[in-house]
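See below for the structure under consideration.
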DNA sequence: CTCCAAAATTGATCTGGGTCAACCGCCTTT
DNA sequence: AAAGGCGGTTGACCCAGATCAATTTTGGAG
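Chains as they are written, first to last, in the working numbering: chain A, 225 to 460; chain B, 225 to 460.
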């Protein structure tokens, strides 16, 4: 939880960017990309740092380059609901009220491409394809949000955990390729707050899945021993 | 549940439209509106009819003109999660997969302005302001979706019901002006499926609120006797 | 290495909300 | 007006998951 923010000169080029293909910028051509390069600034955050907070006035948008973030909302009494986990390529900060509507913390070391709101807004202004891309991302997120509502409102603890493991794996697969080893950089508390459960229930469910030979709990993650069984449990 | 769909000639003009100011079309100028008029077709649905279903290929977008709709997703075993209620001015059907990702039923009689997907897409094509408007609506919905995740994952039954009553009233206020009489056109089952509860719990919670003199249950809705108390219960 | 703190697991117990079931108005339909 | 049905309410009981309470494991810091 060291409050250290490192800003390095933007020596790295968008064209070399790891998330070039999947991020907002995928809609830009070579010429636009060169102009776009000057808008973004690479910023590092260390584990546990807050990138932005709910209700903060939005001054920047963020494109996650490396690492994982938890996106969450808090109730006045401290109860927390994680509304999503961000992975490289995700675009954060869009809103209409001028304020963020959730908070975002780094889970482990994180690198983002930060855009000041005003110049970014100007850049979009007359670029239909970029706006279309952002719209596409918003709609994709809206779908995920609705799926998550079903999970939160209508699924049992077992189903929630199973669905989470599959969903998380799926995202990692499309990012780094298939593997039955699923790293879980977030804490049990994070998982609980994402699934609307308690830390104890998450832990117990993991243990139960392991006892049934469906997963193996390994350091920093789990191994999917029987993906088919997990899918059956998730009752997709 | 009569499967009667009435399509009337589009004699009514956009400029007279009740939702002109709040809907997608609010971003159009007079000239554009005249062209836009030919794209939409007024369609009526009677109570309980399905306007579109999850997984249906999207052929149309809809602008709700009159009435209320429930938007929901079903699990294979029949469990239902209502992801939202649509009111006049709401725009439905945007997606990227080419398929709807939730179903939509009429609650009571409904009138929609239906747009065929292809011509509507063509119309948007080079109209930045319209795309911006749609983006704005998508982001607004995303915020609502996240708020609802907090409700589903982290609030008690009492809080859920209280928050629902306030939220629903708020939407009606901004549509038809302030009133402490809150019509509830949807069934108890709908409310339960929206809040991730059972019909019994919703009914009991209503009764409890009434016993405590906080609301009065009236035919087709409730009356907010003590809005402040309800807000306290919702623990916003 | 040892020590400490935080994270995770496990067990025992409790309870909010679910389940099951009866019943009560109402609107319709005949 | 009787009958049937559907939506809603109410009561009795139950259970999934929360809560409370110890451990145990892990990961740094010195």
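Idealized CB from N, CA, C, for every residue including glycine.
Item	Value
Please list, in chain order, the residues of the region 284-308 of chain B that have any C-beta partner in chain A closer than 8 Å.	297, 299, 300, 301, 303, 304, 305 and 307
So that I know if they touch, is there some Cβ in chain A lying closer than 9 Å to that of residue 443/B?	no
Roughly how far, in whole angstroms, is the beta-carbon of residue 525/A from the beta-carbon of residue 367/B, given that I think they are within contact range, below 8 Å?	For chain A, the structure presents residues 225 to 460; residue 525/A sits outside this window and is missing.
Starting from the C-beta of residue 279/B, find all residues in its chain whose C-beta is less than 6 Å away, skip the five residues before and the five after it, and write them out in chain order.	323
Using 8 Å as the threshold, is the region 238-247 of chain A in touch with the region 275-293 of chain A, meaning 3 or more CB pairs across them?	yes
Give the secondary structure of residue 367/B by DSSP, where H, G and I count as helix, E and B as strand, and everything else as coil.	helix
Find the residues of chain A that neighbour residue 372/B, judging by a C-beta separation of less than 7 Å, and give them in chain order.	373
Residues of chain A with a CB under 8 Å from the CB of residue 420/B: which are they?	376, 377 and 378
Applying a beta-carbon distance threshold of less than 8 Å, which residues of chain A neighbour residue 410/B?	Here the premise fails: no neighbours, minimum Cβ distance about 16 Å.
Who are the neighbours of residue 346/B on chain A, taking C-beta pairs under 8 Å?	Here the premise fails: no neighbours, minimum Cβ distance about 13 Å.
Work out the CA separation of residue 275/A and residue 328/A for me, nearest whole Å.	6 Å
Going residue by residue through the region 226-295 of chain B, where are the continuous beta strand (DSSP E) segments of at least 3 residues, counting only ones entirely within it?	229-231, 264-269 and 274-276
Going by C-alpha distance, which of 410/B, 304/B and 430/B is nearest residue 272/B?	410/B
Under 9 Å, Cβ to Cβ, is there at least one residue of chain B near residue 258/A?	no
For residue 249/A and residue 308/A, what's the separation of their Cα atoms in angstroms?	22 Å
At a cut of 8 Å, does the region 297-305 of chain A reach the region 350-359 of chain A through at least three beta carbon pairs?	no
In whole angstroms, what separates the C-alpha of residue 320/A from that of residue 398/B?	18 Å
Return helix, strand or coil for residue 423/B, following the three-state DSSP convention.	helix
Using Cβ-Cβ distances below 8 Å, what residues of the region 351-362 of chain A are close to chain B?	352, 355, 356, 358, 359, 360 and 362
Going along the region 317-348 of chain B in order, which residues come within less than 7 Å of chain A, judged by CB to CB distance?	318, 319, 320, 325 and 326
For the 8 Å Cβ check, are there 3 or more pairs between the region 375-389 of chain A and the region 403-421 of chain A?	yes
Might you give, ordered along the chain, the residues of its own chain that have their beta carbon closer than 8 Å to the beta carbon of residue 406/A, omitting 5 neighbours on each side?	389, 392, 393, 396, 445, 446, 447 and 448
Residue 298/A to residue 335/A, Cα distance in whole Å?	24 Å
Determine the extent of the alpha helix (DSSP H) in which residue 381/B is found, giving its start and end residues.	381-400
What residue range is occupied by the uninterrupted alpha helix (DSSP H) comprising residue 460/A?	No alpha helix (DSSP H) holds residue 460/A; DSSP gives it neither H nor E.
Return the first residue and the last residue of the alpha helix (DSSP H) that residue 342/B is part of.	341-349
Does DSSP classify residue 320/B as helix, strand or coil?	coil
Counting only Cβ pairs nearer than 8 Å, list the residues of chain A close to residue 399/B.	Here the premise fails: no neighbours, minimum Cβ distance about 19 Å.
Can you tell which of 412/A, 434/A, 435/A and 433/A has its C-alpha closest to the C-alpha of residue 424/A?	412/A
Using CA coordinates, which residue listed in 313/B, 318/B, 330/B and 347/B is at the minimum distance from residue 258/B?	347/B
Do residue 263/A and residue 343/A have their C-beta atoms within less than 9 Å of each other?	yes
Going by C-alpha to C-alpha distance, which of 252/B, 300/B and 438/B sits closest to residue 382/B?	438/B
Given a cut-off of 9 Å, decide if residue 340/A and residue 269/A are closer than it, judged by their beta-carbon atoms.	no
Using 10 angstroms around the beta-carbon of residue 384/A, count the other beta-carbons present and answer buried if the total reaches 16, otherwise exposed.	buried
List, in chain order, every chain A residue whose beta-carbon is nearer than 7 Å to that of residue 366/B.	362, 365, 366 and 369
Taking a contact to mean a Cβ-Cβ separation below 9 Å, would you say residue 414/B touches residue 331/B in this structure?	yes
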